[in-house]
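Written out below as structure tokens is the structure these notes cover.
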Amino acid sequence: MMGRVSEEREVKVPASEAWKLYGSLRLAKIAEEALPNVISKVEVVEGNGSAGTILHVVLPPGTTWLTSYKEKYTVVDDERRVKVAEVVEGGVLDLGFTLYRFRMEVIEKEGKEEECIVRGSIEYELKEEAAANAALVSIEPLLAIMQLAADYLTKNYNTNV
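Under UniProt numbering, the first residue of the sequence shown carries the number 1, and numbering increases by one thereafter.
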């Protein structure tokens, strides 16, 4: 079984400015500090934020059915402004998911160079015997991070212009 969920947010900063945050490890650190109900801790296991980087993400106790997982950046494309990460250990993989992929894209807004669109999506595949676990897929934590990033970018970009 396969599925995908996706959402977009408008951000009132240029795409190049938004990518400086989305394309770096700073986003994880900002989320860790500002969203303790979504992420307890993010540790860099390996890498510097480029493709191949592995993060250990610890979730807050009692807020979800997961405790932690490791994700690997499989794509960090500065030209296309796309970052893709896949869960490679723990988390949903222990529940019959064979693929759980996060994708973030920063898209220039045509005709409005001071604005952009950030698209976040989750793609997943499940073993047939675990198909009922598709109901556990939620884009809400990703949306919380996207909103946090939008607010952070808007506040910090407007004060530096």
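Beta carbons: idealized from backbone N, C-alpha and C, even for Gly.
Predicted, not measured: the structure shown is a model, and the values here were computed from it.
Under the 10 Å beta carbon count, Arg81 is surrounded by 16 or more other beta carbons and is classified as buried. Sorting Lys41, Ala135, Val84, Gly62 by C-alpha distance to the C-alpha of Gly23 places Val84 at the top.
The segment 122-129 makes no contact with the segment 31-47; the number of CB pairs closer than 8 Å stays below 3. By the Cβ criterion, the segment 108-117 is not in contact with the segment 53-62, since fewer than three pairs of Cβ atoms, one from each stretch, lie closer than 8 Å. Secondary structure of Met104 (DSSP, three-state): strand.
With respect to Arg119, Glu8 sits close: the two C-beta atoms are nearer than 8 Å.
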